[in-house]
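> Okay, handing you the structure first.
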Amino acid sequence: MNVTFILASQSPRRSELLRQIGLSFTIDPADVDETVLSGESPETYAVRVALEKARVASKRAGKGIIIAADTIVVLNSTILGKPADARDAERMLDMLSGKVHRVITGLVLRDVATGKTVTRTAATKVWFKSLSPEEIRSYVATGEPLDKAGAYAIQEKGALLVEKVEGCYFNVVGLPLSLLGAMLKEFGVDLSGAR
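Structure, rendered in structure tokens:
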């Protein structure tokens, strides 16, 4: 398979997931404005930000397929991004405590040479257990929530906060792998036999 893949993200979790499925890639993070526009739905927002990341990365790349994603946590209709600081992380975790929220990823693949672009979204429901103020404070004190959407990492200690997941677990980590595999097939890339 002689295709160059470029991950438009500096997320170590996304890199780890791509390595897990045997994909060779380079990393070219794309910093974009992640401000939510007035009246924008969570799905529209996640795809728009991922598309913008793909555009930025494709301008710098000579060839290859760009993989760009944006993962957000949504409680009712409120988008929870990365917390500004420890107090903000505590506020988010208190909001999520004892409730069900959705994790939405906007996923974009773009062929630099042809401009062909495919966009999809994945949504996973996550049930949080009820958390005491002490549990929230001690989790935030680990530092783990500070660079994570919704202030938790399901693949690390944050797993202790989650009662149940409905949908793609890898989406909650930051990259819905089965959806990615299906999208890659639209570019003639089949990873199912790759090792």
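Counting with numbering that gives the first Met the number 0, you get residues 0 to 194 for the letters of the sequence shown. Each residue gets a CB set at the ideal place from its N, CA and C atoms; glycine is no exception. In this text, all values refer to a predicted model and were calculated from it rather than measured experimentally.
Measuring straight from C-alpha to C-alpha, what distance separates A140 and A158?
By one-based count along the sequence shown, residue 140 stands at place 141. By one-based count along the sequence shown, residue 158 stands at place 159. Going by the C-alpha atoms only, they are around 16 Å apart.
> Which class does K62 belong to by DSSP, given the choice of helix, strand or coil?
Walking along the sequence shown from the start, residue 62 turns up at place 63. If DSSP states are grouped into helix, strand and coil, K62 belongs with coil.
> From I135 to I71, what distance separates their C-alpha atoms?
On the sequence shown, residue 135 is found 136 positions in, with the first residue counted as 1. On the sequence shown, residue 71 is found 72 positions in, with the first residue counted as 1. Each residue's Cα considered, the two are about 20 Å apart.
> So Y138 and P144 are supposed to be a Cβ contact under 8 Å. How far apart are they, rounded?
For this step, residue 138 is matched to residue 139 along the sequence shown. For this step, residue 144 is matched to residue 145 along the sequence shown. Yes, they are in contact, since the Cβ atoms of Y138 and P144 sit about 7 Å apart, within 8 Å.
> Note down the Cα distance separating T113 from L74, rounded to an integer number of angstroms.
Your numbering for residue 113 matches position 114 in the sequence shown. Your numbering for residue 74 matches position 75 in the sequence shown. Roughly 38 Å between the two C-alpha positions.
> Considering only C-alpha positions, which residue in the set K184, L190, L174 and D189 is nearest to A67?
By 1-based counting over the sequence shown, the position of residue 67 is 68. The shortest C-alpha separation from A67 is found at L174.
> Look up A152 in the DSSP assignment and give the residues it is bridged to.
By one-based count along the sequence shown, residue 152 stands at place 153. Partner(s): none; A152 has no beta bridge.
> Return the Cβ separation of E165 and T104 in integer angstroms, given the expectation that the two are a contact with Cβ distance under 8 Å.
Looking up residue 165 in the sequence shown gives position 166. Looking up residue 104 in the sequence shown gives position 105. Their Cβ separation, rounded to whole angstroms, is 15 Å, which puts E165 and T104 out of contact at 8 Å.
> Quick check: the Cα distance between K163 and G61, rounded to an integer number of angstroms?
By one-based count along the sequence shown, residue 163 stands at place 164. By one-based count along the sequence shown, residue 61 stands at place 62. Cα to Cα, K163 sits roughly 43 Å from G61.
> Under 8 Å by Cβ, that's how I've got L108 and A121 pegged, so tell me the actual separation to the nearest angstrom.
What you label residue 108 is simply residue 109 of the sequence shown in a count that begins at 1. What you label residue 121 is simply residue 122 of the sequence shown in a count that begins at 1. Incorrect: roughly 13 Å between the Cβ atoms, too far for contact.
> Does DSSP classify G114 as helix, strand or coil?
On the sequence shown, residue 114 is found 115 positions in, with the first residue counted as 1. Coil.
> Which residues mark the beginning and the end of the alpha helix (DSSP H) in which F169 is found?
In the sequence shown, the residue the question calls residue 169 occupies position 170. Segment Y168 to V172, the alpha helix (DSSP H) holding F169.
> For I5, report the span of its beta strand (DSSP E) as first-last.
Reading the sequence shown from its first residue, position 6 is the one you call residue 5. From DSSP, the beta strand (DSSP E) with I5 extends over F4 to L6.
> Would you list the residues sitting across from K124 in a DSSP beta bridge?
The residue given as residue 124 occupies position 125 in the sequence shown. In DSSP, K124 forms a bridge with R101 and E165.
> Leaving aside the five residues before and after V99 along the sequence, list all residues of the same chain whose C-beta is less than 8 Å from its C-beta, in chain order.
Sequence index remark: in the sequence shown, residue 99 carries index 100 (1-based). Excluding sequence neighbours, V99 sits near K124, V125, W126 and F127.
> Please report the distance separating the alpha-carbon of R86 from that of V188.
One-based indexing of the sequence shown puts residue 86 at position 87. One-based indexing of the sequence shown puts residue 188 at position 189. The alpha-carbon atoms of R86 and V188 are separated by roughly 44 Å.
> Could you check what DSSP says for V107 in three-state terms: helix, strand or coil?
Within the sequence shown, residue 107 is the residue found at index 108, counting from 1. In the structure shown, V107 sits in a strand (DSSP, three-state: E or B).
> Check this for me: beta carbons of F186 and I64, under 7 Å apart or not?
As a first step, residue 186 is located in the sequence shown; it is residue number 187 there, counting from the start. As a first step, residue 64 is located in the sequence shown; it is residue number 65 there, counting from the start. In contact: F186 and I64 (Cβ atoms closer than 7 Å).
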